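**Student:** What follows is a structure written as structure tokens; I'll ask about it next.
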Amino acid sequence: MENKARVRFAPSPTGELHVGNARTALFNWMFARHEGGRFILRIEDTDESRSDSAYQTSLLEDLKWLGLTWDEGPDIGGGYGPYRQSERLDLYEAHLKKLVDADLAYPCYCTEEELEEERQTLILAKRMPRYLGKCRNLSAGEREALAASGRKPSCRFKVPRTTIEFNDLIRGPIRFEGEAMGDFIIVRSNGMPAYNFAVVIDDHRMAVTHVIRGEDHLSNTALQIMLYRALGFEPPAFAHHCLILGKDHAKLSKRHGSVSVGEFRRQGFLPEALINYLGLLGSSFAGGREILSRDEMIDAFSLSRASRSGAVFDEDKLRWLNAAYIRKTSTEDLLRKLEPFLRAAGFRPETLDAAWLKNVLETVKGELTTLAEIGAHIDLFFDERYSLSDEARRLLAAPGAREVVGAFGDYLERAEDNAGDIYAAAIRHAKEKSGAKGRDLFMPVRAALTGKLKGPELDRVFAVLGVDSARGRFQQVKKTLGI
Ligand code: GLU
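According to our numbering, the sequence shown is numbered sequentially starting from 19.
And the structure:
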């Protein structure tokens with residue numbers, strides 16, 4: 019067997035890929051690539067009532083979109099398959115038999131109601147709620163009678179009364195008392211394996227060397243180590259990274275806003291930006307660097323740099339990174355990525371002159387924070403979408419604005435279409451005629467030319483629009499102002 023690091027990402031297909039899980043995938047992926055090891059994708063779909071094949075498809079798509087490619091997985095196979103838990107049921111059954119034969123597991127006939135009652139009694143008595151082992155020592159006769167009464171048993175693991183200790187690669191030494199834990203279910207009454215059981219068999223059989231996952235799994239790790247021991251397997255190394263928190267320091271969830279990779283993709287975030295941000299979150303890179311390529315992140319990745327305390331998700335920072343990545347993207351490439359967003363904003367890119375559209379894009383590229391904003395940034399270049407915003411209207415109504423607009427517009431009307439730098443000449447003319455300068459000069463021109471108070475450099479906008487269109491807009495504004 020190869021001696022290389024083998025790590026896995028093991029999502030349950032019960033929803034869209036959450037950024038927290040994407041970050042777990044990223045950590046595993048960076049670790050595998052850094053170590054020259056293998057990154058495995060395993061689908062944990064044994065909870066039939068919550069799993070959905072549509073989510074399975076979207077999980078794979080989102081991971082691919084993020085560029086977190088796997089070396090073994092349900093779609094590509096590998097030497098340790100199958101890679102879907104629902105296709106590994108016979109394996110779980112065989113291992114269950116091993117535990118039952120060794121008297122390390124037993125059937126439990128308690129109903130949901132009985133278990134709930136036990137829980138409530140313990141809570142009332144201020145004791146830790148856990149299973150107290152009612153079915154642990156049933157005689158064969160008692161079992162038969164319970165089965166005959168129609169009860170379907172689950173199967174519980176006999177928790178040893180020992181201490182579980184392990185050295186977490188992020189958190190250091192961790193200790194759990196077996197004493198405090200109840201016998202837990204390893205196979206549910208419907209015959210499906212429980213998470214803690216299936217995961218141990220899979221991680222062992224898939225020769226996983228390092229389990230890197232969120233700190234919410236710490237107590238599961240204690241249970242899993244017990245199972246490793248009971249089955250005679252060597253446990254892998256464990257690393258539990260911190261969770262992503264919302265601004266209120268609660269675990270990041272829907273009520274904080276967008277949380278799934280799909281949502282960010284649909285809003286026009288670039289995968290490079292999201293990956294970079296998730297890599298930055300709760301870990302630090304040498305020299306305080308913030309913008310890193312995939313290769314640089316892989317190079318710099320180390321579990322020991324991962325933070326132990328929760329990392330607060332800061333969407334503004336993500337937006338800042340996204341804007342930086344948009345600026346870095348070549349215009350041709352950006353145009354391709356923008357295509358669906360342009361359509362969604364009502365544009366038909368195939369009807370537009372390609373060179374002109376490229377020009378437009380180069381003019382607004384520096385202003386975009388997400389791709390979905392494209393419509394709001396380029397509509398000023400389309401005469402049929404041109405209109406004055408309320409702010410622009412107010413600005414144009416203020417004293418001094420009329421003179422600027424009047425003079426600028428007059429110049430345009432008289433100018434020959436190809437008479438050198440018409441914009442510069444019109445500005446000079448408006449300045450002389452109105453006496454305005456600085457903001458008082460440029461803002462009315464901007465408001466009239468674009469209908470807005472913010473936007474790209476005016477000379478760029480003017481050049482892309484062309485004299486004809488500018489002339490038409492100034493005529494329209496002059497009419498509105500009664501000039
Ligand atoms: N299916 C589990 C989850 O999505 C996997 C946890 C683990 O990595 O062991 O939380």
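Yeah, the Cβ is synthetic: ideal placement off N, Cα and C, and Gly gets one too.
What you are looking at is a predicted structure, and each value in this text was computed from that prediction instead of being measured.
For tyrosine 124, which three-state DSSP category applies?
**Tutor:** Tyrosine 124 falls in the strand class under three-state DSSP.
**Student:** So what does DSSP say about alanine 444, is it helix, strand or coil?
**Tutor:** Helix, per DSSP.
**Student:** Is it right to say histidine 259 is buried, meaning 16 or more other beta carbons lie within 10 angstroms of its own, or is it exposed?
**Tutor:** Buried: at least 16 other Cβ atoms inside 10 Å.
**Student:** Listed by chain order, which residues have C-beta atoms less than 6 Å from any heavy atom of the ligand GLU?
**Tutor:** In chain order, the hits are Ala28, Pro29, Ser30, Glu62, Val217, Arg231, His235.
**Student:** Which of the three DSSP states, helix, strand or coil, is assigned to alanine 390?
**Tutor:** Three-state result, alanine 390: helix.
**Student:** Can you tell me whether DSSP reads phenylalanine 184 as helix, strand or coil?
**Tutor:** In this structure, phenylalanine 184 counts as strand in the three-state DSSP scheme.
**Student:** Could you tell me which whole alpha helix (DSSP H) segments of length 4 or greater appear in the stretch 28-110?
**Tutor:** DSSP runs (the alpha helix (DSSP H)) wholly in the stretch 28-110: 37-53, 71-84.
**Student:** What are the start and end residues of the beta strand (DSSP E) that includes alanine 255?
**Tutor:** 255-259 is the span of the beta strand (DSSP E), which, as asked, contains alanine 255.
**Student:** Compute the beta-carbon to beta-carbon distance between arginine 154 and methionine 199, rounded to the nearest angstrom, for a pair I have assumed lies under 8 Å.
**Tutor:** Going by Cβ atoms, the distance from arginine 154 to methionine 199 rounds to 13 Å, so no, they are not a contact pair.
**Student:** Evaluate glutamine 138 with the Cβ neighbour count: other Cβ atoms within 10 Å of its Cβ, from every protein chain shown; 16 or more gives buried, anything less gives exposed.
**Tutor:** Burial call: exposed.
**Student:** Helix, strand or coil for alanine 212 per DSSP?
**Tutor:** If DSSP states are grouped into helix, strand and coil, alanine 212 belongs with coil.
**Student:** Let's see if you can read the secondary structure: which residues bound the beta strand (DSSP E) around alanine 175?
**Tutor:** According to the sequence displayed, residue 175 carries phenylalanine and not alanine. Segment 172-175, the beta strand (DSSP E) holding phenylalanine 175.
**Student:** Strictly by DSSP, which residues pair up with isoleucine 344?
**Tutor:** DSSP lists no partner for isoleucine 344.
**Student:** Please specify which runs of the alpha helix (DSSP H), each continuous and at least 4 residues long, are wholly inside the stretch 414-467, giving them in chain order.
**Tutor:** Taking only runs of at least 4 residues, the alpha helix (DSSP H) segments lying wholly in the stretch 414-467 are 419-432, 440-452.
**Student:** Roughly how many angstroms lie between the CA atoms of leucine 310 and alanine 372, to the nearest whole one?
**Tutor:** One C-alpha to the other measures close to 32 Å.
**Student:** Here's the rule I'm using: 16 or more other beta-carbon atoms within 10 Å means buried, otherwise exposed. How should asparagine 39 be labelled?
**Tutor:** The residue in question, asparagine 39, is buried, as its Cβ has 16 or more Cβ neighbours within 10 Å.
**Student:** Could you give the distance in angstroms between the alpha-carbon of leucine 245 and the alpha-carbon of leucine 133?
**Tutor:** For leucine 245 and leucine 133, the distance between alpha carbons rounds to 23 Å.
**Student:** May I ask you to report which of helix, strand or coil DSSP gives histidine 267?
**Tutor:** Three-state result, histidine 267: coil.
**Student:** Expressed to the nearest angstrom, what Euclidean distance is found between the alpha-carbon atoms of lysine 82 and valine 279?
**Tutor:** Computed Cα separation, rounded: 11 Å.
**Student:** First and last residue of the beta strand (DSSP E) that includes proline 191?
**Tutor:** 190-195 is the span of the beta strand (DSSP E), which, as asked, contains proline 191.
**Student:** For isoleucine 204, which three-state DSSP category applies?
**Tutor:** Note: isoleucine 204 maps to strand in three-state DSSP.
**Student:** For lysine 397, which of Gly427, Phe359, Ala433 has the nearest alpha-carbon?
**Tutor:** According to the sequence displayed, residue 397 carries aspartate and not lysine. The shortest Cα separation from aspartate 397 among Gly427, Phe359, Ala433 belongs to Phe359.
**Student:** Pick out whichever of Asn294, Gly99, Ser30 has its Cα sitting closest to the Cα of aspartate 75.
**Tutor:** A small correction: the amino acid at residue 75 is threonine; aspartate does not occupy that position in the sequence shown. Of the listed residues, the one whose Cα sits closest to threonine 75 is Ser30.
**Student:** Return the bridge partner residues of arginine 24 from the DSSP annotation.
**Tutor:** DSSP lists Arg56 as partners of arginine 24.
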